[in-house]
Structure formats: C-alpha cells, structure tokens
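**Student:** Next up is a structure, given as structure tokens.
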Amino acid sequence: MPAHIEIAMLDKIRIVLVHTSHPGNIGAAARAMKTMGLSDLALVQPKSFPDDEATVRASGADDVLAKARVCENLDQALEDCHLAIGTTARDRTISAEPLMPPQAAQRALQGIEQGQRIAILFGRERSGLSNEELDRCQLTVHIPANPEYSSLNLGAAVQVLSYALRIASLEMDSSEQKSDKANTSALDCRAEANALESFYQHLETVMTEVGFLEQTNPTLIMRRLRCLYDRSEPTVRELNILRGLLSATQKHRHPKIETETNDASD
Ligand code: SAH
Numbered sequence: 057m058p059a060h061i062e063i064a065m066l067d068k069i070r071i072v073l074v075h076t077s078h079p080g081n082i083g084a085a086a087r088a089m090k091t092m093g094l095s096d097l098a099l100v101q102p103k104s105f106p107d108d109e110a111t112v113r114a115s116g117a118d119d120v121l122a123k124a125r126v127c128e129n130l131d132q133a134l135e136d137c138h139l140a141i142g143t144t145a146r147d148r149t150i151s152a153e154p155l156m157p158p159q160a161a162q163r164a165l166q167g168i169e170q171g172q173r174i175a176i177l178f179g180r181e182r183s184g185l186s187n188e189e190l191d192r193c194q195l196t197v198h199i200p201a202n203p204e205y206s207s208l209n210l211g212a213a214v215q216v217l218s219y220a221l222r223i224a225s226l227e228m229d230s231s232e233q234k235s236d237k238a239n240t241s242a243l244d245c246r247a248e249a250n251a252l253e254s255f256y257q258h259l260e261t262v263m264t265e266v267g268f269l270e271q272t273n274p275t276l277i278m279r280r281l282r283c284l285y286d287r288s289e290p291t292v293r294e295l296n297i298l299r300g301l302l303s304a305t306q307k308h309r310h311p312k313i314e315t316e317t318n319d320a321s322d
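Here you go:
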C-alpha cells in the first residue's frame, strides 16, 4: 500500500486519554503516537495540561500535543466516532471477551475502510476506565501481559496499541473494499457511537416506562443489552428503525404526549 494511504488511515484513529493524572504520561503517549504515524489526541479532563512535563516527555512530538483537544467529557471526545474501543488491564465480568491488540487493530482498520472514525480509550493510571466508560465502548482490548503483573504504564500501553495499528495498516489490502464504499449510502453506514448512546438512553427510558426494568437489576440488564446491540454493529438505518419503534411504543402508551420524533421510514 502506498505510504500516503496508510497515513491517511491512521489519521482516522483518535487516542482518548481519560482523566490522566501525570502530564508526563500525556507526553509519552504523544511520542508513542507520532512514532507510529498517529496524530489525533483527545484528553478528557486531564489533571494538568498543557504542562512542561508533558512537553519534555513528548520529545519531538510537541506538534501532537499542540493540536490535542481537551474535552469536558466523553461525549465531546467521541464526537464523529463510530466505534469506541476501550483498553483494559484486567478482565471485566459483563462485557464481551476483550480482543488482543492485532485483532482490535484489524477491526479498527476495517471500520476506517468503510469510512468510519475510531476512538481508542485509555484509562486513569490508578484505576483504569470505569465500568460506565467501558459501557461506551463497543469493543474492548487487553494486552496479554504477564497475568501476575499485567498493568502497563499508560504511555507504554499507547505504544503497543499504536504499533498494532501501524502493522495492521501496513498489512491491509485496501483496494477491494474501497470500491464497495463508494456505493454505500450514508444510511447503510455504521451508526456513530454517540447515536448509539442516545438509543441506549431512549431504550432505558422506555423499558422503565413499561415497567420492565423495575423487577430485576437494571444496570446488569442494560449492560447485557449494550453487548447485544454493540455486537450487531447497527447501521444508521437500523438505528432509525429501533428509535422509531421506541417512539411508537411511547406514543401508544401516551397518545397525547409528544415523543421524540425519529424517522423509521428511512
Ligand atoms: N490499575 C489499573 C491499570 C491502569 S493502567 C487497572 O487495574 O485497571 C492505565 C491504563 O493503561 C489502563 O486504563 C489502560 O488504558 C492501559 N493499560 C495498561 N495495561 C494494559 C493492558 N495490559 N492491556 C490494555 N491496556 C492496558
């Protein structure tokens, strides 16, 4: 693959650092990204940024730091992204089995070939990503480190994932799927992560309204449903149908109350 195509693909990947405490780690992450050809960095409520320590550790990657976006919350950081991949140093119970970096990188690159933007989320140095933050991710990835000592330094974890992405971009044969993309309508593309999140909120509201969520553990049920829908990678058109169904359910129960309007007719 020509070098410029591979670089353009890596431009569609956003590294999101959530609540980073040590500015040095932000610099190390920027350096790790730049060595592998990535440049889109978003920082959700970093403890201190900009910071000299970050600039020092970035070494020559201060351009990545200079255009890093500081975000108030995950919604902002995930703007325009279709797929969010959460990194985890531990096994978590409910979410689907985490992928290994090469598989996660391959999934990310396949998404990019279909016109998607991808976010990879990294957690706090002390406690990683919260369950709620992992709920926002359709996939998770775990670096299969020494099980007795599996937590990498944040900058090192960014390096491993960035390397896997670079290798995947070099290996990917983009030519066939590109021609498919030209024929795909926007409605048949994968829905964005924030649109999926609005669907989950709407689903939870309706499930509560009809009394379904009262009886059992609502958080657990919602988490399992998220896994189910995340696995099916719904398109914009499919999500419109689901939102339409939810709105119709609300309208049926309360015909006089205005419900959210969703176009289920395509
Ligand atoms: N003590 C925390 C680890 C935090 S390490 C915990 O138990 O979750 C900081 C971040 O580095 C993690 O949130 C994750 O983004 C990344 N990281 C560290 N080790 C990793 C591993 N083995 N696989 C994937 N990500 C890892």
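Counted the way my numbering counts, the sequence shown spans residues 57 to 322.
Ideal placement from N, C-alpha and C gives every residue a C-beta, glycine not left out.
Following a CB-centred definition, is Glu265 positioned closer than 7 Å to any heavy atom of the ligand SAH?
**Tutor:** No, the Cβ of Glu265 stays beyond 7 Å of every heavy atom of the ligand SAH.
**Student:** Quick check: the region 66 to 84 against the region 217 to 226, are there 3 or more CB pairs under 8 Å?
**Tutor:** The region 66 to 84 is in contact with the region 217 to 226.
**Student:** State the start and end residues of the unbroken alpha helix (DSSP H) segment that holds Gly142.
**Tutor:** Run containing Gly142: none in the alpha helix (DSSP H); it sits in the beta strand (DSSP E), 139 to 143.
**Student:** Cα-Cα, which of Tyr256, Leu281, Thr291, Leu130 is closest to Leu302?
**Tutor:** The option with the nearest alpha carbon to Leu302 is Tyr256.
**Student:** Around the Cβ of Ala122, are there at least 16 other Cβ atoms within 10 angstroms (buried) or fewer (exposed)?
**Tutor:** Classification for Ala122: exposed.
**Student:** Any heavy atom of the ligand SAH inside 7 Å of the beta-carbon of Ala220?
**Tutor:** Not so, every heavy atom of the ligand SAH lies at least 7 Å from the Cβ.
**Student:** Helix, strand or coil: how does DSSP classify Ala304 here?
**Tutor:** The answer is helix: DSSP assigns Ala304 an H, G or I state.
**Student:** Check the DSSP bridge columns for Ala98 and list the partner residues they point to.
**Tutor:** Its beta-bridge partners are Val72, Arg125.
**Student:** Please report the straight-line C-alpha distance between Arg131 and Ile141, rounded to a whole angstrom.
**Tutor:** This sequence places Asp at residue 131; Arg is not what is there. Roughly 14 Å between the two C-alpha positions.
**Student:** In the DSSP output, which residue or residues are listed as bridge partners for Ile176?
**Tutor:** Answer by DSSP bridge pairing, in chain order: Ile71, Ile141.
**Student:** How about Thr272: is its Cβ closer than 7 Å to a heavy atom in the ligand SAH?
**Tutor:** Not under cutoff, so the answer is no.
**Student:** For Gly116, which residues does DSSP report across the bridge?
**Tutor:** DSSP, once it has assigned bridges, lists no residue as partnering Gly116.
**Student:** So which of Asn209, Asn296, Leu226, Lys312 has the shortest CA-CA distance to His258?
**Tutor:** The shortest C-alpha separation from His258 is found at Asn296.
**Student:** Between Arg282 and the rest of its own chain, which residues show a CB-CB distance below 8 Å, the 5 nearest in sequence each way excluded?
**Tutor:** Hits under 8 Å: Asp191, Tyr256.
**Student:** Within its chain, find whatever has a CB closer than 8 Å to the CB of His75; leave out the 5 residues flanking it on each side and keep chain order.
**Tutor:** Closer than 8 Å at Cβ, skipping near neighbours: Val100, Gln101, Pro102, Lys103, Gly179, Arg180.
**Student:** Please say whether Leu73 and Ile82 have beta carbons closer to each other than 8 Å?
**Tutor:** Their beta carbons are under 8 Å apart, which means Ile82 touches Leu73 by this criterion.
**Student:** Fully enclosed by the region 182 to 232, which alpha helix (DSSP H) runs are 4 residues long or longer?
**Tutor:** 187 to 191, 210 to 227, all fully within the region 182 to 232.
**Student:** Tell me the residue span of the alpha helix (DSSP H) that contains His258.
**Tutor:** His258 -> alpha helix (DSSP H) spans 249 to 265.
**Student:** With a threshold of 16 other CB atoms inside 10 Å of the CB of Glu232, please say whether the residue is buried or exposed.
**Tutor:** With a pLDDT of only 46 at Glu232, under 50, the local geometry of the prediction cannot be trusted, and the value read off the model is given with reservation. Under this definition Glu232 is an exposed residue.
**Student:** Return the Cβ separation of Ala88 and Gly167 in integer angstroms, given the expectation that the two are a contact with Cβ distance under 8 Å.
**Tutor:** Their Cβ separation, rounded to whole angstroms, is 21 Å, which puts Ala88 and Gly167 out of contact at 8 Å.
**Student:** Please name the residue in His78, Ala133, Met228, Asp96 whose C-alpha comes closest to that of Asp119.
**Tutor:** Nearest option by C-alpha distance: Asp96.
**Student:** Cβ of Ile199 versus every heavy atom of the ligand SAH: is any distance shorter than 7 Å?
**Tutor:** Correct: Ile199 has its Cβ closer than 7 Å to the ligand SAH.
**Student:** Given the structure, does Ser77 come close to the ligand SAH, in the sense that its CB is under 7 Å from one of the ligand's heavy atoms?
**Tutor:** Result no, Cβ not under 7 Å from the ligand SAH.
**Student:** Looking at Ser206 and the ligand SAH, is the gap between the Cβ and the nearest heavy atom below 7 Å?
**Tutor:** At least one heavy atom of the ligand SAH is nearer than 7 Å to the Cβ of Ser206, so yes.
**Student:** Out of Thr91, Gly116, Arg125, which one is the CA nearest neighbour of Pro106?
**Tutor:** Residue Arg125 is the option with its Cα nearest to Pro106.
**Student:** Between Ala84 and the ligand SAH, is there a pair consisting of the residue's CB and a ligand heavy atom that are separated by less than 7 Å?
**Tutor:** No, the Cβ of Ala84 stays beyond 7 Å of every heavy atom of the ligand SAH.
**Student:** Let me know the secondary structure DSSP gives Arg279 once reduced to three states.
**Tutor:** Correct three-state label for Arg279: helix.
**Student:** Could you pull the DSSP bridge partners for Thr291 from this structure?
**Tutor:** According to DSSP, Thr291 bridges with Arg246.
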